[in-house]
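*Asks:* Quick note on numbering that gives the first Met the number 0: the sequence shown kicks off at 0 and runs consecutively.
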Amino acid sequence: MKKLTLDRLKLYIWFHAQYKKVRSLLYVMAVITIAIPVFMILIDEGVTFSPLMGNIIINVSSGCFILGKLITLYDKWYEEQPVSFHVAFILGTLLVVLKRG
Numbered sequence: 000m001k002k003l004t005l006d007r008l009k010l011y012i013w014f015h016a017q018y019k020k021v022r023s024l025l026y027v028m029a030v031i032t033i034a035i036p037v038f039m040i041l042i043d044e045g046v047t048f049s050p051l052m053g054n055i056i057i058n059v060s061s062g063c064f065i066l067g068k069l070i071t072l073y074d075k076w077y078e079e080q081p082v083s084f085h086v087a088f089i090l091g092t093l094l095v096v097l098k099r100g
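1) With DSSP run on the structure shown, which of helix, strand or coil describes Gly45?
2) Taking 8 angstroms as the threshold (C-beta atoms), are Ile56 and Phe38 in contact?
3) How should Leu10 be labelled, buried or exposed, when 16 other C-beta atoms within 10 angstroms of its C-beta is the threshold for buried?
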């Protein structure tokens, strides 16, 4: 029984570390999203970009916005309701199964 509890604790710590890694991506995405208006100002000033570069800028900014919203929603949920050992155990088990599959 103690070994099972210790394993769940280790899994919880691992899941929390993964969460912190994903959370740090939010800062990178925020910087990219803030850089988009700078590109728009440059375009207004007469600087031209190729159509490929324009598509990359738009796609990256929209992807960063969507991922940032998802992480923010998860962050609010995480602060209001901390992840229990059972949830961490289930998520860890799913990740292991997906990695093996």
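Where is the CB? At the ideal position from N, CA and C, for every residue including glycine.
*Replies:* Per the coordinate set shown:
1) It is coil, neither helix nor strand.
2) Yes, the Cβ-Cβ distance between Phe38 and Ile56 is below 8 angstroms.
3) Leu10 comes out buried.
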